[in-house]
Structures are given as structure tokens and as C-alpha cells.
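Taking it in order: structure first as C-alpha cells, then the write-up.
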Amino acid sequence: MVATTSPRPPASRDVPLVARRPLQGPYLLLTFRHPEVAGRTRAGQFVMIKANTAADPLLRRPFSIMSVHPAEDTFTLFLKVVGSGTRALADLRSGETAGCLGPLGRPFPMPPEDHEALLVAGGYGIAPFVLFGDELRRAGRRARAFYGGRTSGDLQGHDPFTALGLPLACCTDDGSFGHHGRVTDAVEAYLDTRPGAVTLYACGPDAMLHAAARLAERRNVPAQVSLDPWMGCGVGTCLGCVVRIQRADEPRGKYRCACTEGPVFDARDVVWAGEGSSRARREAAAVLR
Amino acid sequence: MVATTSPRPPASRDVPLVARRPLQGPYLLLTFRHPEVAGRTRAGQFVMIKANTAADPLLRRPFSIMSVHPAEDTFTLFLKVVGSGTRALADLRSGETAGCLGPLGRPFPMPPEDHEALLVAGGYGIAPFVLFGDELRRAGRRARAFYGGRTSGDLQGHDPFTALGLPLACCTDDGSFGHHGRVTDAVEAYLDTRPGAVTLYACGPDAMLHAAARLAERRNVPAQVSLDPWMGCGVGTCLGCVVRIQRADEPRGKYRCACTEGPVFDARDVVWAGEGSSRARREAAAVLR
Amino acid sequence: MSLAVQLAGLRLKNPLIAASGTFGYGVEYEGILDLSRLGGIVSKGLYLEPRDGCAVPRIVETPSGLLNAIGLQGVGIRAFVRDVLPRLDGYDTAVIVNVCGDTVEEYAEVARIAEAPGVDALEINISCPNVKKGGMAFGGDPRMTHEVVAAVRKATRLPVIPKLSPNVADVTVFARVCEEAGADALSCINTLLGLAVDVERRMPRLAFGTGGLSGPAIRPVAVRMAWQAARAVRIPVIGIGGIASAEDALEFLIAGCRAVQIGTANFVDPGVYSRILAGLEDYLRRHGRESINDVVGSLRFPDAEETGGGGC
Amino acid sequence: MSLAVQLAGLRLKNPLIAASGTFGYGVEYEGILDLSRLGGIVSKGLYLEPRDGCAVPRIVETPSGLLNAIGLQGVGIRAFVRDVLPRLDGYDTAVIVNVCGDTVEEYAEVARIAEAPGVDALEINISCPNVKKGGMAFGGDPRMTHEVVAAVRKATRLPVIPKLSPNVADVTVFARVCEEAGADALSCINTLLGLAVDVERRMPRLAFGTGGLSGPAIRPVAVRMAWQAARAVRIPVIGIGGIASAEDALEFLIAGCRAVQIGTANFVDPGVYSRILAGLEDYLRRHGRESINDVVGSLRFPDAEETGGGGC
Ligand SMILES: Cc1cc2nc3c(=O)[nH]c(=O)nc-3n(C[C@H](O)[C@H](O)[C@H](O)COP(=O)(O)OP(=O)(O)OC[C@H]3O[C@@H](n4cnc5c(N)ncnc54)[C@H](O)[C@@H]3O)c2cc1C
Ligand SMILES: Cc1cc2nc3c(=O)[nH]c(=O)nc-3n(C[C@H](O)[C@H](O)[C@H](O)COP(=O)(O)OP(=O)(O)OC[C@H]3O[C@@H](n4cnc5c(N)ncnc54)[C@H](O)[C@@H]3O)c2cc1C
Ligand SMILES: Cc1cc2nc3c(=O)[nH]c(=O)nc-3n(C[C@H](O)[C@H](O)[C@H](O)COP(=O)(O)O)c2cc1C
Ligand SMILES: Cc1cc2nc3c(=O)[nH]c(=O)nc-3n(C[C@H](O)[C@H](O)[C@H](O)COP(=O)(O)O)c2cc1C
Ligand code: FES
Ligand code: FES
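Chains as they are written, first to last, in our numbering: chain A, 67 to 355; chain B, 67 to 355; chain C, 148 to 459; chain D, 148 to 459.
So, in C-alpha cells, the structure goes:
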């Protein structure tokens, strides 16, 4: 698996909102016109976008590209309103524009030919898997999805997803929808059925990503995680989004920009707070042996 | 004529937008629910209002109360979008709230019983005259209105006004609508018809107010002008809105708050930049005589 | 659950005080809000004589901020004591007089007159950027700061609260000087000196030229300075700068301030006190604290170890 | 109509320069914007060795502002000269290296290495608030400022541009010291020292604790300081702080700056240069000026007479 980055640079544009579809609760779908994003996005990539030119909130915000519609030059975001930046985007009316830079970041690498892709999503982490599911299908790969949230209201975005025809297991912490329990438990249960070679892909809150990485380590399956740090610029200049990544032969790891070298990283390389990377643990164990 | 101020204090509330009617160009009508403003506003009073809780733009903005609908607990503003504060108000959707304090300021005093009221408006300065026209009608006073703008597009708000049944003369600087010329010229032409005792009331841009004040001085008619300074608080605490006012027996005049002692002032008392007040000129002339 | 705080010998029912120059003399808000719900009120700055203030424009907005050059327009200390003070009598709130002067003697004289029944403390304004004499000329010089504070200290038995300027390199120097000169508490901070240009007219947007910057824009600077001052002295610090919500107030309290003042936010929303009080109570409830004093100074500042990377 | 300006012996095709630490090494924006449209680019701060920088979080938003503690993560001057500089070769823009050091000797050494083909000038960063050594320790002390600037002056034939800190009482003192020490121009200003508190965790929101405040929030303070500095010295001043539009840039130019730098706005919108350039041309056209130099320093500051009222 080789990291594939977008071959051409991202484009910064004022993009008009062309469609807005509220879902339940704080969730909604927003569709913008942006030829470059529509034309050359690979699943896992994101945009930096801001609704207006007011100075508060100040910066653009990062969002995974959920789907693209090249024929219409448009792309769609799956948005959860959590603060003032997302609120301003949600308040846009059709025809109003937003400043938008994209596509950005390192996409999900394709799994090896004989692997089944297990897409593990928490909350708005489902977004990039819509596009990825499509890519996998076109590439003729097997895939299935696991989608977790605290409660049924957090699984609003799954209808565009089921439309792809992938097997989908929903889980809620409170059992209000789908399986009762954590999404990584559902993945583990699936692994217990000995499905053959798999590659894990995880996107969602930090704790879920960490759990997925531990699971992958325990079951010795390759995994890719899409991290979710605070981002200021999206292009590697503010150095605000760094995460500690420890690649093979790196004794301590380095701060790397999640916006340019991620957001998708090999789970083994991620140095989790207070724990280190699984690569480091394995190498330490090898030394002991 | 004695200044009448609102007998009860203003009320600060989060007020929901209940109706929104776009007019041509940058103009629109916004109706909010605010029982105290709806119930006790006198013409010439204003509200301080802000669309959201973002820190940019920071302060509430002043707007004349155009009309009140006590039965529905609502009032209406006539808004011209000129910057970010007015833009944010114009972007409100029905049901969304704005922080609003009112009613504020000194209303238009009633003219003496035998006077005809001449309402002279420029641009959004028409707003307070809708309510005032109503008050005059109820009080059985004669009134007529003069409404000027640069071009026809600036006279958008006059339909609710004509509905009151007052004689209305429209003027545009470019002749695109109504009389060709400045609104004060139309007033002067009317005065030339020797209509009997009149009191002038003017609301609009500074230059127009100044022209109206000069006209009133020249023709020796009483005049009230509603000034339009930058306001920070609306209640006399920021001291940002002061205008120099020179009342009888004041040698130099004093900085007075337009928000509490105005916005409506006796035209004779207003000290115009680089010119002084007409009261001062008259008194100086009296000394010479 | 208690929001009461002790400060410079005063007991405030809660840590929210209206900041000088942003709340008039208090009476302007009669009927709009209940003055008795406030911990205290600081008057507009008062000199010996009434003042006219600066020409207009006096206030302009900047991003998340307000730039003002009012020039301390005011009625003078005598008119305040005679006309305003009686009207504040019925309210259960601390009344603090903001003392100004062109000379050390004027500060002392204003302080003497301000020691009237109904006045609970004096705040010494040695930090107004919008006057040509006094103000920053005192608050920007440690020796002069000492002189003014000591003179006011001598002139009154009321608690004395110097108000520090942010337009200095090291606020702790001034905090310590004030403590030595006998101050009972510190107000921290006044406005930051700023300039906004009207590019069409190529003139300053304010008639006076420069002005004082306040509002949310300055909050990070204000929290930093209040935190530095609170660590430098034993007398309590009152945090000021850009507070508009309970969260904002808590930033200062957690950083070590015993109370806070609310300035520009009064203009934005006179309902700000109720909102913040409700928010503070909610915070104590959620965090299982009995008293707001348990929160004061609870900031855990990272030591070098925790900040990671050798680079910083 | 010309936007070209002369500065410290350089001719910039226009007065817009990308500010240090907000534009990477320039190459990050290849393909996103045309680097040749910029008057100049200042590199991220460079030490002798690569640096890791601070722990995360490193940036947080505040009202209209950005608070950062990056801690000067960077590749080091040698890697910059070796790997980055060749990639900037094809662009018609001035390349300015932001020179950092823990010691005076390190500043001088970095300056020596930076004097490579393709580098047009050196900006001396004596004002970073996010390092424990160097930075403010130099920029907050006139004697140390003189020493660093003089040492760099001696080490290079390139134009030397010290970058001043706003966290001082009187920026003109530092401006004059730099001029005396042989500086060719001044950059004014770096970030304001700030603190933001996470009230739920009762810890600073930044891992490092304090940070540097930038963005529109600080613009009035930055304009004031750049204006003060420009009046205090004869060498040109480059204005920095919160510029996001042509109007913002004009505030600094009219206040006396020969050029401006754009920082945080790069993050908000990489298209900011085109927007500002178009705005500047439009301004010159509307005001009937031939050259942007006709606008520089055209501020008409009111004299005492005009500001009215005796009070201020
Ligand atoms: C690569 C990437 C892809 C993303 N994709 C999506 C998506 O498809 N849909 C979606 O709804 N959101 C997505 N997000 C998250 C989204 O960027 C944030 O929710 C948004 O920036 C919040 O902005 P705000 O102004 O509304 O909230 P703020 O007011 O900035 O923050 C609200 C709260 O959220 C916290 N917060 C803000 N940003 C983050 C973050 N990045 N990580 C953790 N906590 C944060 C803040 O600390 C605060 O407590 C993605 C983030 C990244 C990095
Ligand atoms: C008593 C009073 C009653 C008013 N009634 C109405 C009304 O009924 N309808 C209406 O549309 N507007 C009214 N206004 C004007 C309105 O308050 C301003 O247009 C508004 O504050 C502009 O806010 P903004 O954020 O959109 O513009 P900003 O971005 O603040 O300003 C845009 C431009 O307008 C200028 N400007 C802003 N406020 C004023 C002002 N008060 N006087 C002169 N120039 C100004 C600014 O300098 C700037 O150039 C009234 C003002 C006052 C004082
Ligand atoms: C319009 C205005 C007038 C002010 N007048 C005074 C004053 O008279 N005396 C004083 O000590 N501070 C004065 N200040 C400063 C405030 O009390 C406060 O220190 C500052 O505004 C920062 O707080 P804020 O950001 O909450 O407004 C004034 C501030 C403003 C905005
Ligand atoms: C994330 C970030 C990193 C910065 N790094 C540097 C730096 O390495 N060297 C330096 O001299 N200034 C640095 N600065 C300061 C900027 O160059 C600039 O002086 C400051 O941000 C004010 O300008 P602005 O408001 O336009 O951002 C940095 C600023 C930011 C926001
Ligand atoms: S978001 Fe700025 S460097 Fe990654
Ligand atoms: S608007 Fe604040 S005093 Fe009038």
C-alpha cells in the first residue's frame, strides 16, 4: 500500500451553495459548485471552507468530502452543527457563496486486491466512506461498513450510504438503533467470524479511532485512520494540525501535518497520547525477544 | 412644544423575527415580536438591535421604529443594508431571534394645534414618519410628506406610507421618480404657496437635515430634526453618540447624547460643524442690533 | 452554592462588577435591569470638575472590538456625590468611584470628596489612553504610579483599587508597585492603545486620533495580564477585558481573579449579568463546587515537561 | 499606475509580503496561487538546527483572532538553503529569511548561512513570544536588541530587517535602537502575548500555556505601533497585523508603512493577495494617484485644536 496524494494542487474558490438538505437534529447536507473538487477528489480528502467574510469566527473549517457529482461540478458535505463556523455554513441560503479550498490531504489507499475493506465510522466520520464505498465498488473490492453513534439521532446520514448497496451494521451506545454497543465491538464480532483478509478504515472521534487502532493491533490487521485535529490552513503552513507520527526506523517519531501527510495515516504509525505507537511497541518487543 | 419622553424604561429582549418582506435593492421590512416596543413606542423612537451573538460585528445598531402592531405585540423596521450589521439582520430567518432594546429616545413632539406638519424624509429617514403620520392623523392634525432620494430605487419604502392617506411628494436627485431635485427644494416650493403655519420635521442624511434646518431658519418656521450619529448603547452610557446642542442661554452648547436627549432635536439648537447653531446666530444678531 | 466574594474588605454578592465608562453612573440602567443583582458598579471616570470630552466620532468598531476616545466626559465628582449617589442608595450593590486627575493633587482631592456615604471603594484610573495629561502619563511610569496610589491611599479610608494599563511591557512591575503603595486590590486591565484609519479621508476614524481598544478582541491579552498580575501580588485582582459570557468570566476567575468587570458587553446586551450569573451557577453545579471561590486561581498551567517538543 | 516600492535597497513589485510562519516556505502555495504576484515572501522562522516545536493544541481561535504557540517548528537554515531555496528560484518575488536564535551567536551564524543566492533580505525575529530562550528575551530589552541587530548586521551584506514586538511599553525606543544598530528597515509587529483558558479543564487551551495573538483583532494596536515606529525613524517600516483586505493594508500604508505583511489571512483565504492588489489599484484609480508611494504616510493626524472639547 503506497500513499497516493492528489496529483494536482487544490483550488481556492468562492463556491455557491446549490442545495441544502436538513436532516434530523444538528445534521445536514450541503452541496456546493466547485469544479476541481468535483473533478479530482479521492475518498478521504477534505475541503477547508468558511461561510462568510466576517472576522468571527475567523478561519475556514475542515470537512470531509462526502460525495462528488462531476457532471454538475458539485460536491456534497455531511455537516454536524457544533459551533459558530458550522452554524454559519448551515445558515447559508442557496446561491450564497463560501470560500473553499480543496481537494486537500491524503486519500484512503486502496486495500490489497484480496482484502475486504471494513469501513468503521463514528458520527460525521461516515462522510468520507460514502465516496470511498463508491471507489471500492468501482474497483471491484469487497467492503462492508460499521456505523456507530451515541444514539439513533447520530446516525442520520446513513441513507445515502445504504444506497451504495454495501452491507451496513449500525450500532448505538444506548441501543436506540441497530446493535447495542460500541462500533468497534461490532467490528470485533465480525472478525470473530473469520472473514478472511481484511483492511480496517476508521473515521470518527478520537476515542473510537484509538479503539480501532488497538483492535487492529490486537488482531494484527492493517488499518488506516482518518484523524481529526484542529486545522488552521489545510496546506501545511500553520503547523497547527500536527500529530506525532512514528514511521519505520524513526526512534521518536515526528510532528507531521495532518492536512498534507494525513488526515489518513497508517494506524501503526500514530503515536497516541501517553501510549506511543503500536509500531514502537512491536519494535520494542522484537528487541526483547 | 415640550419634549415628551417615554414614561417607562425600555426593555431588553431576545425578539423573534415574525415577518420579512424584501423590497427592491438593499431595502427590506422586518417585523419582530416585542411587547414593550409594540405597546409604548412614540413616533421618532428607535430600537438597538443585533442579529446574533457573534463578536463581529460587535454592537447593536439603531433603527427607527417604522410601525407598531400592538394587537400582535410586533413592530416593523424599514432596513437598508449598508454593512455587516444590517446584512446580518437582513439574513435572519423567521423564528430566529435578535437582541433588541427599546423603545429608546425622545419622540417627535406634536405640532401646535393650528400647524400643518411637514414631514421631510431622505432615504431610510422615511421610517419614523410612518408612525408619526399615524399619530398625527389620530390627533386630527394636518400633515403632508416630502420624500427624497438619489434615485427611484431609494424610494422603495413609500407604499406603507401612501396607505396613510397623507399627501406625498416624491423627489429624486436624478429625476428618475417624482420631482427632479432635492427634497428641501420641494418643501421650499410648498412654503412659497403660503400654506399657513407649519412645523417642519426632518429625518435623513446629515446634509439633508442641515439643508432643512437652514430652510427653517430662513423661512422662520419651527423645525425638529432626527439626527443620525453612530450609537454604541442607546441609553446614555457609552457617550459615543453625542452631538453639540446649544439651548437657550447656553453660550457654547454642550455635548448631549442623541440616544437619550434625541435623536429628535429642535433644529435651532443643533450646532452644525463649522457653522454653529441658528440660535447662536440669532442671539449674536440680536446683540448687534 | 455561593457566588459571594470578598474583595479589599468588601463583600460582593457576586463577582460581577460593571466597568467604568461602560455603565454610566448606574442610574441609566434603572428599569432596564435590576442593579441589585450586580456585585458592584464602577462609575464613569470622575475629575474634580465636569468635562466636555473629545470631539466626535468618539467610538468606532473594529473586528470584535470597540475603539473609543471619549475623553472622560463627565459631571465631576461633586455633582456625582450630590446628584447621583442618592439615587443609588436603594440598591444593594457596591458602589465604586473611578477617580481621575490631571495631577497627583487632583487625584487625592477627588478621592477625599468621593469618601461619601454610599461609596464603597475607589478605583484609581491611571490608565486612560484618551487624555493628554494624567492617565497613562501616570500608569506608564512606576514612580508616578507609586506616587498617585500613595497619595490616594493617604487621602481616604476607603479601599483603593488602582486600574492598570495594558500598554506596558511588564504588568507585574506595576502590580507590585501598587501593592507597595498600599493598594487593596487591582483592576486589570484598561484599554489597549489603538489607531484606526479612515482610508477614504486619510484621517484617523476617531476625532481624537488614537483610542482605547476594548471588547472580545482583547480578551486573550487581558486574561494573560490579569493572570500575570494575580501571580505577582497578594492583593486580589479584578479581571477586565472582553467579558461577554460566563465562560469568559470564568477564564479570568480560573486564572486567579477574585472578581471581574464587564465593560463593552453592557452596550451589546444589558441582559449580560443575568446570563453570566446563570452560567456561573450552572458551572458550579456541573463541577460540583460549593463556592465560586473554589474556582478562583484553579488554573493548572503546564510545566515545561508537559509542553512537549524540545523547541519551545 | 504603479504599486512598486523601494525598501531596504530592494525593489518590490508591490507592497504585499507574506508574513513569517503563515506562508510556510512559500512552496506550499505552489499551484494554489502565483508566487510571482507577491512583492515578497518571508520564510518560517529558521534556527541553525531543525526544531520540533510545541505540543498540541498549538492554535486556537479567539474573537477575530488566532492564538498560536507553534514554537518555531522548522527545518533549520541549512535544509532551507539546500532544499527549499532552489524551488523558489523560478519565481519573481523577494525572498526574505526569518532569522532566529537562542543566542546572539546563533542569530549571526544563521544570518551567515542565509546569505545564499536567491535570498534578498533577512528579517530578525527578536519577538517570538513562544520560545523560552531568544525571541522576546531579546526583543523586550533595548540593549539585547541592539546587540542582536548589530551582530547580524556584521554577519551579512544583505538588508537586515528586525521584527519588533508589540509587548513593550514604547515601540519607538526599540525602533530607534534598531536604526542605530544598522537596520535597513523594520517589521512591525509580531504577535501580542495572550492566554486563553479552557474553563472545563481549567487549563490553558494551548499546550504551551500562553501564545501569540494575531489576526483582525489586533489590527488597531498594530496600526498604532507601526504609525509610531514610522514617525520615530528614517528607515522604512513594514506594517503587520490583522491585514485581510485592501482597506486594511491601506490603513498601514497611509499611517506611514512602505510595505505590509499578510499573516493569518493566508490561512483564511489564499486568494487574499489578488483581492488586495485589485483593491489597491482601484483605490489609486479612484483617488487619482499614480503610485502607491503617494499614499504612504499621507495620514492627516488631528492636532489638539481639531479634537475639540477641552477634555482630551
Ligand atoms: C479532516 C477533517 C474532516 C472533517 N469532516 C467533517 C465532516 O465531514 N462533517 C462534520 O460535521 N465535521 C467534520 N469535521 C469536524 C469539523 O471540522 C468541526 O466540527 C468544525 O471545525 C467545528 O467548527 P465550529 O466553528 O462549528 O465549532 P467550534 O466553535 O470551532 O468548536 C466547537 C467545539 O468543537 C471542538 N472542535 C472544533 N473542531 C474540532 C476538531 N477538529 N476536533 C475536535 N474538536 C473540535 C471545539 O474545541 C469546540 O469545543 C472534520 C474535521 C477534520 C479535521
Ligand atoms: C436614530 C437612528 C435611526 C436609524 N434608523 C434607521 C432605519 O430606520 N433604517 C435603516 O436602514 N437605518 C437606520 N439607521 C442607520 C443604521 O443604524 C445604520 O445604517 C447601521 O447602524 C449600519 O450598520 P452596518 O453594520 O450595516 O454598517 P457598518 O458596517 O457599521 O457601516 C457601513 C457604513 O455606514 C456608515 N455608518 C454606519 N452607521 C452610521 C450612522 N449612524 N450614520 C452615518 N453613517 C453610518 C459607516 O461608517 C460605514 O461607512 C438609523 C440610525 C440612527 C442613529
Ligand atoms: C466607551 C468606554 C469608556 C470607558 N471609560 C472609562 C473610564 O472612564 N474610566 C476607566 O477606568 N475605564 C474606562 N473604560 C475602560 C473599561 O472600563 C474597561 O477597562 C475596558 O473597556 C476593557 O473592558 P471590556 O473589554 O469589557 O470593555 C472605558 C471603556 C469604554 C469602551
Ligand atoms: C501560526 C503563526 C506562526 C507564526 N510564526 C512566526 C515566525 O516563525 N516568525 C515570525 O517572525 N513571526 C511569526 N508569526 C507572526 C506573523 O508573522 C505576524 O507577525 C503576526 O501573525 C501578525 O500578523 P497577522 O495578524 O497578519 O497574522 C506567526 C504567526 C502565526 C499566526
Ligand atoms: S492545517 Fe495548517 S498545517 Fe495543517
Ligand atoms: S448611544 Fe451610547 S450614549 Fe448614546
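The beta-carbon is built from N, C-alpha and C at its ideal position, and this holds for glycine as well.
- With fewer than 16 other Cβ atoms from the protein chains shown falling within 10 Å of its own Cβ, G231(B) counts as exposed.
- Listed along chain A, the residues sitting closer than 8 Å to P210(C) by beta-carbon distance are A121 and D122.
- Membership of N413(D) in the alpha helix (DSSP H) is indicated by the continuous run A412 to V415.
- Distances taken from the Cβ of T152(B) to the heavy atoms of ligand 2 include one shorter than 6 Å.
- For L145(A), the closest of C304(A), V253(A), A117(A) and L170(A) by C-alpha to C-alpha distance is A117(A).
- Straight through space, the alpha carbons of R422(D) and D331(C) are spaced by roughly 53 Å.
- Of G435(C), A393(C), S167(C) and Y254(C), the smallest CA-CA separation from G426(C) is found for A393(C).
- Identification of residues in the region 210 to 226 of chain C having a C-beta nearer than 8 Å to some C-beta of chain B yields P210, S211, G212, L213, N215, I217 and Q220, given in sequence order.
- Taking C-alpha positions only, E347(D) is separated from R322(A) by approximately 28 Å.
- Annotation: the continuous beta strand (DSSP E) that includes V307(C) extends over V307 to L311.
- Taking the C-beta atoms as reference points, T97(A) is found no nearer than 7 Å to V113(A).
- Contacts between S150(A) and chain B, judged by CB atoms closer than 7 Å, involve A120 in chain order.
- For Q312(B), no alpha helix (DSSP H) encloses it, and the DSSP letter there is neither H nor E.
- Taking a Cβ-Cβ cut-off of 7 Å, the neighbours of Y321(A) in chain D comprise D199, G200 and Q220, given in sequence order.
- Closest in C-alpha terms to R126(A), from the list V291(A), R99(A) and S150(A), comes S150(A).
- G359(C): member of the beta strand (DSSP E) spanning G358 to S361, first to last residue.
- Judged by DSSP in its simplified three-state form, A316(C) adopts coil rather than helix or strand.
- T338(D) has its CB nearer than 6 Å to a heavy atom of ligand 4.
- S167(C) has its Cβ nearer than 6 Å to a heavy atom of ligand 3.
- Nearest neighbour of R108(A) by Cα position, chosen from G270(A), P173(A), R347(A) and H181(A), turns out to be P173(A).
- Residues are counted here when their Cβ sits less than 8 Å from a Cβ of chain A; for the region 170 to 182 of chain D these are F170, G171, E175, Y176, E177, G178, I179 and L180, given in chain order.
- The residue from T217(A), R99(A), V103(A) and Q90(A) with its alpha-carbon nearest to that of A77(A) is V103(A).
- Within the DSSP secondary-structure output, V336(B) pairs in a beta bridge with I311(B).
- Excluding five sequence positions before and after G262(A), the CB atoms of its chain that fall closer than 7 Å to its own CB belong to E182, given in chain order.
- Counting only residues of its own chain and dropping the five nearest sequence neighbours on each side, A193(B) has a CB closer than 6 Å to the CB of S130, M132 and F144.
- Shown here, S421(D) sits in a helix according to DSSP, grouped into three states.
- In chain order, S343, S344 and R345 place their CB closer than 7 Å to the CB of R334(A), counting only its own chain and leaving out the 5 sequence neighbours on each side.
- V380(C) and E437(C) have their C-alpha atoms spaced approximately 26 Å apart.
- Contact residues of the region 333 to 352 of chain D toward chain A are absent (C-beta to C-beta distance below 8 Å).
- For S445(C), the nearest CB of chain D lies under 7 Å from its own CB, placing it at the interface with that chain.
- Using a cutoff of 6 Å, the CB of G388(D) counts as near ligand 4, since one of the ligand's heavy atoms is closer than that.
- Bridge pairing for K146(A): Y93(A) [DSSP].
- By the C-beta criterion, the region 214 to 224 of chain C is judged to be in contact with the region 303 to 311 of chain B, since at least 3 inter-stretch pairs fall below 8 Å.
- What P363(D) touches in chain C, judged by beta-carbon distance under 7 Å, is P210, going in chain order.
- Setting aside the 5 residues that flank it on each side, E253(D) is surrounded in the same chain by L195, each with a C-beta closer than 6 Å to its C-beta; the list follows chain order.
- According to the DSSP assignment, R234(C) belongs to the alpha helix (DSSP H) that extends over L232 to L235.
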